[in-house]
Structures are given as C-alpha cells and as structure tokens.
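Colleague: After the structure tokens below, expect a handful of questions from me.
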Amino acid sequence: MNMFKLAAGFCFVGAGIAVAAFGSGFVAQTLFQIVLFIMLAIGWNIISGFTGYVSFGQVSFFGLGAYITSIVALQFNVPWYVGLAAAGVIAPVMALPLGLIMLRLSGIYFALGMFGLARILQLIASELEITGGPMGTSIPIADSPQLAAVVCVSATTLVVLLTYALYRSRLGLSLMAIRDDPVAAESIGINTFKAKIIAFCISAAVGGIGGALYVWNIGFVDPASAFSGTIELQCVLIVLAGGIGTAFGPVIGGLIISSFSTYLWLNFPLEQQAILGIVTMFVAIVTPGGVAGLFANSKLWKRQSLWRPIEAGATLSNVTPFRASGQDRKPILTCQSISVHFGGVRAVNSVDVTAYRGEMLAIIGPNGAGKSTLFNLMSSFLKPTAGRVELNGISIVGKKAYTLPHQGLVRTFQTSRLFSSLSVWENILVAANSRYGKKAEAIAAATKALVDVDLLSHWQDSVDQLTPGQQRLLEIARSLVFEPEVLLLDEAMAGMTMHEIGRVHQALKRLMSRGAAVVAIEHVLPAIAPLAARVHVLDFGTTVAEGIPAEVMRNPLVVEAYMGREDAESEKQHA
Amino acid sequence: MYQTLISLLVLGLLWGGVFLLLAGGLNLIYGVMKVVNLAHGDFIVLAGLMAFSLYEIGFNPLVSLPIVALALFALGGFTQFGLLEHIKGSGPTAELRTLLATFGFSYVVSNISFLIWGSQFQSIPFLQGAVVIGGIALPEALLVCSFVAFALSAAVHLWLTRTKHGKSVRAVAQSSLGAETCGVDVRKVRFLAFSVGSAMAGAAGALLICLIPFQATSGGEMTVQAFTLIALGGLGSYVGAFLAAELLGIAEVMTQYFLGANGAAGIIYVVFVAVLIFRPSGLLGKAGRV
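Here it is as structure tokens:
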C-alpha cells in the first residue's frame, strides 16, 4: 500500500468515526447497518472468495455470535466489550469441529450443507431454554446508537486490515492456490484441509463478532432474525457486487449494496428480499466480476504479486537438498507388485518398478496403459489395492499426498495445473513457501527456479499470458523449487520447443548429478531418450519390458504394444 | 408397539412417493445443467399456494394439479430461457454464476409468494378420511397423493427412456458436447429439462399442500430436502432416487412420531451431512478417482 492509499483510507475511516460519533441517532443507526454488513461480507469472502468454498450458511456464525454474546451478558453480567470479545473467541472455537465435518464436502454440497447448518442451529436455538426459545430474549443494549456505530466502524476497520494482511500473506496465497486447483495445491505440499479449516475459523470469528455487534445494538435476539436468510443474501450480494475474492471488493460492494438495502428496508420493507434477489441475479448474470471486475486491469486495482524476485543472479547457498547426495547407484523409490483396481478394471496390475539415485527412468506405453495411474500410486494420490511403495525404504502407502513433497518426492501432472489467478512468480512462490520456512529462503529458491527455466522476465505476467511450452516449464520449475530427491514428470515436455526441451534437460541433469532420481512418462521418446538410463514399458496395466533404451525399443512385444500385432508381423517380414 | 412400527413404515413408504416427485424435477435439471436450481423449493411452495387459491375458488386439487404444473412449466421455461441462458462461458465459473443467479431467484420467488399469500401456513383439507387395511389406518389423502406422485414420476421416467426428446435430455446430461456433435439442439434440451423439471415441482407442490401445511418461506427447506434425496440416491440414478425417497420417507415419518416436528425438520439436515460424508457418491454410486 502506498502513502496515497494509506492517507485516503485513514481519512475515510476518520470520517466514518466522526459521523458515527457526532451524527444523530438515525444517522448513527444507518451507518451501523451499512458497516455491519461490510464486516459480514468480509467474513463470507474469506471462506467463499479467497478459498473458493461458496457457503449459503455464513449466517450460522452471525447467529452463533449473537447468542454467545447474549448468553454471556445474561448469565455472567459482564460489560459489553467482554461479550463482544467472547463472541470473537468462542465462535471460531465452535466452528472448528463444524469445519472438520463441513469441509469434507465441496462445491454445491458444502454450500447447501452450510445452509442446513444454519437451519439446524436455528432449530436448536428455538428449543433451548438458555437461548430464550422461539420468542427470543432481551439483553443489555448499547448505551447510545453513536457508541454502537463508533465501535462497529472501528471493529470493521480492524477486520478490513486483517483481511488485507491475510490477502498478502503466505496463508492467503495458499488459500487462493487451493481455490484455483486443490489437487495441484496438495501436490506442492500444501495441507489443504488445514488451510481451509483456518480460513473457516477466521471467517467464523468475523461473522461471530458481527452477530455480537448486532444484538448489542438492538438489545434483543431471536432465532428467526439471528439466522435470517436476508442477512445471508446480503452477504453474498455484497461480495458479488464488489468483486468476489478481492481484498477491497466487499468494502466497495458493502457501501453500495448496504446503503441500497437500508434504503429498501426503510421504504419497501416487504419487497426488500425480491429486489435484492433481482440485483443478485443481475450481478451474477451480467457483471460477474463486480465493481472490482470492471477495473480489474487498472493500475490502482490490479492485484500486485506477493513479494518479488531477487534482482541480480540469486544463489541458493543456504538451501540444501533433502539428503546428502551420493553417486552410488542406490534404489530410492521402489514399487513392489503394486496393483490398483477400479471395479473390474485392473488399471495397474502387479507392477514392479524401481527408480535409482542419479538416473532417469522413462515410463512409456500406449494410451490407457496405466502410466498416469502408476504415478498416482507413487505419489500417494491413489491408494494401491495391493503391493508396497517405498521411498528411501519407508512405506508411503496411505500417506497423505501433501506430505510427500516434504519427504523429497514431487510430481507434475499430465495436463497443465497452474494456479490461474496467481502470477507466474506467485505460482512458484506458493511452492517455495510450502518448502522453506523463512521468507528469504523461499524468495531465493523461487527466483532460482524461475531463472532455471528462463521465465524471470515474465514474473509479473498472469499464467495465461505464457505459451503452452512456457506453462509446462513453469510447472517443472514449481517442482524444482523443492530440490526433490525423486521427481515424477508426467509428459512434462509435450508441446515444448526444442530450445525449451534443452532447458529442461539441463535442469534435470543438474538434479540427477547431485543424486536425485527422475521418473518421466513420455509419449515422444526422443524428448527423453538421451537422458534415460532405463526404460519401463507398460501396456494394459502390466509390465511388457524393461531395460536400457536401445534394447527395449527392439523388443518385439514393445513394437507390438505400440503398433498392433499385424504391423509388428509385417515389420518382421520386412526385416 | 409392533403395530405402530408397521403403520409408520407403511406411511413412510407412501411419503416416499411424494418425496420422489419433489426431488425428481431437481434431479432432471441438475443432470442437464450440472447446477442445482436453488429456487426449486420455492417453485414447489409457489405451486402449492397457487393450488390453495384455486381450491378456495372451488377447484378440486387433482384438477388444479395440471393447471399448476403447466404454470410452473412456463415459469421454468422463462427461468432458463429468459435468465440462465444468458450466462456466458462454461466450466466451474459459469456454474458458480448460475448457482448464484438461482440463489437470488429463490428470494425473488419466495418474496413474491409472501407478497401474495402472506406468511400464514396454508393447507388444503382434501379427503380427510382414512382407509383401514389389515388393522393399519391410512389417510386417504396420502394414499391418493402418493399414488399420483408415483404415477407422475413413472411417466417422466418413461418419457426419458422411451421418447426421442427424453433420450436427447439424457444424452445432454451424460455429455453436453457429445450430444451437440450428434446434432442435438442443446439449448432446446436445457429449456425442455428446466421446464419439465419445474412442472414436476409444480405437481409436487399441488400434492404436498394437501398433506402438510406450509408457508411462503418454506422453500429453502424443501430445496435441501430435494437435494438430500438426489445426493442420497446418487446423482442421475433412478433406482437410487427411488430407494432414497423411500428411506427418507420412513426416516421423516419415524422422527416426526418419536421426536416431534422440530426433530423431523432437523433430521433431514443430519441425514444430508451424514450422506455426504459417508457415501459421497450416493447409495448406489461408485467411488470416484483422482
């Protein structure tokens, strides 16, 4: 943030507090309403915008906060600020077990599951005595509307700053990576479940404080308004109108939508929902990016990359590979008669593969031979039906996929899986952050990886500005950041120019020279033949042949697998 | 006790028919659009309240059923053609936008119902008697409604499997791109699926209001109920949907009897979350892969 923006924000908040403190009761109430919804929308944006888990039950946390405050205030007779703080602490604590259940769901299941959660909580609140039952209960009210408004504006300002900090943090970057591609995020060692839980709890804390402010301001709480659908609708609409997944979208959307909705509430209380519904549809259909989307490319609004590469040639002197390298030919990744069956389909059937330190193993075979499935088994994205997979002599069967990069095994995917909303630099940085604890180390490693694949000059670009070959290079660089002991490349060089393939060869040679193993699936054999020490041929999920490249390529079974029986026979006759 | 359990079981099985129709329309729309119509429950409520008004001016509910279904057919067609079809693009982003648009639309529909009918619970007193079969008293209204609902669900199933239009709907549900390359007019199919699905919601609403009272804002609950059913049955599976409908019918009747109305309202969400966690691909679905 530059000085200009900082000053503008400061004036803006100052004006808000002045209006809240010295305005009439009506003005303070209106301001309270508008600002409260900004806060609630920010809460929704953290889980649904940053993390991509669209929820239709954010009002659950609002209601939880409202009831926590009312119970604390009535049972313990504490001052108002203790009640607010209690909501901010207890709501996320209660959200933790809920998140452990709900975040196993995704997409529409999560969205509707959260809607159900709000309804369950509403039913519980109507049944219990401590909550005041279906008719609700009165609680101590704020001394004046002006006080409530000042507190609301200040609290919301804090929440805005907190969101901005999150947006510009390692965690924020990981959350956005998860939103773009959860599988790719796992593959670079991000514990996606943990990150989502944290986002869920932060979102709950914000929603909880919002609910607490609400009941303190009106001095009353009841199940229908604490878990009201109108509140949910407004949260969604505000974020949508402002720009989903942006840092300041909810603030701008909140000012517009919340003012409009307050106006509706005063003049068309009965029709408010329908009108807001129509606006939601309009925004969803016509301007999905919201206000932020309209100015997405203006300099003032464009998302700036988190941190930046080191200017001159970087060194990685302080970073060491996983284990001391050795030139002796030792097995590092071994699969012993592994099989995986999908129903009746034996995708991989009793295959033995071993990758040795310092050399490349090429895995080839026709389409549908089970090559990518084998990779999924090696990287623990799939659990084998039978057999063992060992990394450095330790079984990795049943391990979570995100733990393997931290033990030295990294993979890429057959189709490009970059994080589309992050810049080229951030695509690398998010992996570097997952590997290295210190900021300086992560930046150095990410810079080095970008230099390795010649993409440093593109660091600020978005990934769709790259050529397909460059995108594949970026993916390889993302795995090189880990300085892995075992690198699994799934058709990584498809679509690259000869020059780009040369770049990759250099990087792989360097990796192998210090004792790492590379396992590469390729269709185009020349792309890896010069590097491969051994070739393993798969067809119909079983091993057809293995050995040094020249021998394997003359094996009649291999020729048959690639060209079919008749062609192979006619070839024999010609010979 | 034994007698009670048997009669609860039979009642649950009958309710299953109504549930099947209630969710069938959503399943059809989900299959083709890959998006849940969040206004589905509000469509059901709107249809039920329309049937209620027709009843007040002297229509038998079974006569108003086709009228209401036709009205909802038109509403569904408008929703798809007038609104959702204008969402450009494809893939997850477009699906999210469609979802959010139906989210907004659900509020529009329920608010309009509220403006017309207010917030009172309404119901049609239809066939108040009971038939006693083998010592079990079965409400006539439930028997008739369940029968009609089963018949309508079966009719739609036949339409989907035996007619050319129905087959193109299934083709689009399985692969939109594949259907398009075979010369199926995908736009038309989306329109058709949305209209027929909404008409099913309409018929379900007209039957449901003869059985239980509901109000303008009951829609959200019904959307979740319908979605739970198709999730439990496995999306797109007809046998699964039938089993799920019967299971939910029994669960609902049992909890209603043993835990009261709030318990029954809560059980649906508990089942919902439990299903998604333990059988994410439904009762009969197969496990997915990476």
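Read top to bottom, the protein sequences are chains A and B.
FYI, in numbering that gives the first Met the number 0 the residues of the first sequence are 0 to 574.
FYI, in numbering that gives the first Met the number 0 the residues of the second sequence are 0 to 289.
In this text, a Cβ means the ideal position worked out from N, Cα and C, and glycines have one as well.
Source: prediction; values computed, not measured.
1. Just grab the DSSP bridge partners of glutamine 335(A) for me.
2. Would you mind working out which of Glu559(A), Leu116(A) and Leu83(A) sits nearest valine 205(A), comparing C-alpha positions?
3. When the Cα of glycine 15(A) is compared with those of Leu556(A), Leu254(A), Lys193(A) and Ala198(A), which residue comes out closest?
4. How big is the Cα-Cα spacing for tyrosine 561(A) and alanine 491(A)?
5. What whole-angstrom Cβ distance do cysteine 334(A) and glycine 386(A) have, given they're in contact under 8 angstroms?
6. Using a Cβ-Cβ cut-off of 7 angstroms (strictly less than) and excluding sequence neighbours within five positions of glycine 88(B), which residues of its own chain qualify?
7. Can you check whether the C-beta of threonine 216(B) is within less than 9 angstroms of a C-beta belonging to chain A?
8. Starting from histidine 85(B) and walking both ways along the beta strand (DSSP E), at which residues does that stretch end?
9. For alanine 531(A) and isoleucine 196(A), what's the separation of their Cα atoms in angstroms?
10. For the alpha helix (DSSP H) containing isoleucine 256(A), list its first residue and its last residue.
11. Given that tyrosine 106(B) touches chain A, what residues does it touch there, using C-beta distances under 7 angstroms?
12. If the cut-off is 8 angstroms on Cβ atoms, which residues from the stretch 83-110 of chain A count as contacting chain B, listed in chain order?
13. Indicate the three-state DSSP secondary structure (helix, strand or coil) for asparagine 36(B) in the structure shown.
14. Whose C-beta lies closer than 7 angstroms to the C-beta of tyrosine 256(B) among residues of the same chain, with five residues either side of it excluded?
15. Give me the Cβ distance between leucine 212(A) and leucine 35(A), rounded to the nearest whole Å; I'm assuming they're in contact under 8 angstroms.
16. Answer with buried or exposed for methionine 199(B), where buried requires no fewer than 16 other C-beta atoms within 10 angstroms of its C-beta.
17. Using only alpha-carbon positions, find the residue among Val152(A), Gly248(A), Gly252(A) and Val182(A) that is nearest to asparagine 579(A).
18. Run through the DSSP bridge pairs and tell me what alanine 354(A) is partnered with.
19. Grab the span of the beta strand (DSSP E) containing histidine 535(A) for me, first residue to last.
20. Check the Cβ of tyrosine 1(B) against every Cβ in chain A and list those closer than 9 angstroms, keeping chain order.
21. Which runs of the alpha helix (DSSP H) fall wholly inside the stretch 156-228 of chain B and span at least 4 residues, in chain order?
22. Straight-line CA distance for glycine 219(B) to glycine 57(B)?
23. Quick one: Cα of isoleucine 520(A) to Cα of leucine 472(A), how far?
24. Does any residue of chain B have a CB that is nearer than 9 angstroms to the CB of leucine 73(A)?
25. Is proline 138(B) helix, strand or coil when you go by DSSP?
26. Do the CB positions of asparagine 554(A) and leucine 172(A) come within less than 9 angstroms of each other?
27. Cβ atoms of glycine 242(A) and glycine 292(A): under 9 angstroms apart, would you say?
28. Under 9 angstroms between C-beta atoms, does glycine 112(A) make it to chain B?
29. Going by DSSP, what residue range makes up the alpha helix (DSSP H) through valine 485(A)?
30. Could you tell me the alpha carbon to alpha carbon distance between phenylalanine 120(B) and phenylalanine 51(B), rounded to whole angstroms?
31. In whole angstroms, give me the CA-to-CA distance for histidine 405(A) and serine 202(A).
32. Where valine 518(A) and isoleucine 256(A) are concerned, what is the direct C-alpha to C-alpha distance, given to the nearest angstrom?
33. How long is the line joining the alpha carbons of phenylalanine 192(A) and leucine 102(A), rounded to whole angstroms?
34. Are the CB atoms of tyrosine 66(A) and alanine 17(A) within a distance shorter than 9 angstroms?
35. Does serine 125(A) come within less than 9 angstroms of chain B when only Cβ atoms are used?
36. Using alpha carbons as the reference points, say which of Pro268(A), Phe267(A), Gly288(A) and Gly188(A) lies closest to isoleucine 237(A).
Modeller: Taking the definition as stated:
1. Paired residues: Arg387(A).
2. Of Glu559(A), Leu116(A) and Leu83(A), the residue nearest in Cα terms is Leu83(A).
3. Among Leu556(A), Leu254(A), Lys193(A) and Ala198(A), the Cα nearest to that of glycine 15(A) belongs to Leu254(A).
4. Here the alpha carbon of tyrosine 561(A) sits roughly 20 angstroms from the alpha carbon of alanine 491(A).
5. By a beta-carbon distance limit of 8 angstroms, cysteine 334(A) contacts glycine 386(A). Their separation comes to about 7 angstroms.
6. For glycine 88(B), where only same-chain residues beyond five positions count, there are no Cβ hits under 7 angstroms.
7. By this cut-off, threonine 216(B) is an interface position.
8. Element bounds for histidine 85(B): n/a, residue is neither H nor E.
9. Distance between the alpha carbons of alanine 531(A) and isoleucine 196(A): 43 angstroms.
10. Here isoleucine 256(A) belongs to no alpha helix (DSSP H), and DSSP marks it neither H nor E.
11. Near tyrosine 106(B) (Cβ distances below 7 angstroms), the residues of chain A are Leu232, Gln272, Ala273, Leu275 and Gly276.
12. Those residues of the stretch 83-110 of chain A that come within reach of chain B (Cβ to Cβ, closer than 8 angstroms) are Ile100, Met101, Arg103, Leu104, Ile107, Tyr108 and Ala110.
13. The answer is coil: DSSP assigns asparagine 36(B) none of H, G, I, E or B.
14. The beta carbon of tyrosine 256(B) lies closer than 7 angstroms to those of Leu7 in the same chain, with the five residues before and after it left out.
15. Yes, leucine 212(A) and leucine 35(A) are in contact; Cβ-Cβ is about 6 angstroms, under 8 angstroms.
16. Here methionine 199(B) is buried: its Cβ has 16 or more other Cβ atoms, across all protein chains shown, within 10 Å.
17. No answer is possible for residue 579(A): the residues shown for chain A start at 0 and end at 574.
18. Answer is Leu332(A), bridged to alanine 354(A).
19. Its beta strand (DSSP E) spans residues 531-538.
20. Against chain A, a Cβ distance below 9 angstroms from tyrosine 1(B) picks out nothing, because the smallest value is about 30 angstroms.
21. If only complete runs of 4 or more residues are kept, the stretch 156-228 of chain B shows the alpha helix (DSSP H) at 163-173, 175-180 and 185-210, in order along the chain.
22. Roughly 29 angstroms separates the two Cα atoms.
23. For isoleucine 520(A) and leucine 472(A), the distance between alpha carbons rounds to 16 angstroms.
24. Interface annotation, leucine 73(A): not in contact with chain B, CB-CB separation never under 9 angstroms.
25. DSSP, read as helix, strand or coil, puts proline 138(B) in strand.
26. Taking 9 angstroms as the Cβ cut-off, asparagine 554(A) and leucine 172(A) do not qualify as a contacting pair.
27. Taking 9 angstroms as the Cβ cut-off, glycine 292(A) and glycine 242(A) qualify as a contacting pair.
28. At a cut-off of 9 angstroms between C-beta atoms, glycine 112(A) counts as an interface residue with respect to chain B.
29. Taken as a continuous stretch (DSSP letters only), valine 485(A) belongs to no alpha helix (DSSP H), being part of the beta strand (DSSP E) at 485-489.
30. Approximately 11 angstroms, taken between the alpha carbons.
31. Distance between histidine 405(A) and serine 202(A), taken at the CA atoms: about 29 angstroms.
32. The alpha-carbon atoms of valine 518(A) and isoleucine 256(A) are separated by roughly 54 angstroms.
33. For phenylalanine 192(A) and leucine 102(A), the gap between their C-alpha atoms comes out near 8 angstroms.
34. At least 9 angstroms separates the beta-carbon of alanine 17(A) from that of tyrosine 66(A).
35. True, the Cβ-Cβ gap to chain B drops below 9 angstroms.
36. The shortest Cα separation from isoleucine 237(A) among Pro268(A), Phe267(A), Gly288(A) and Gly188(A) belongs to Gly288(A).
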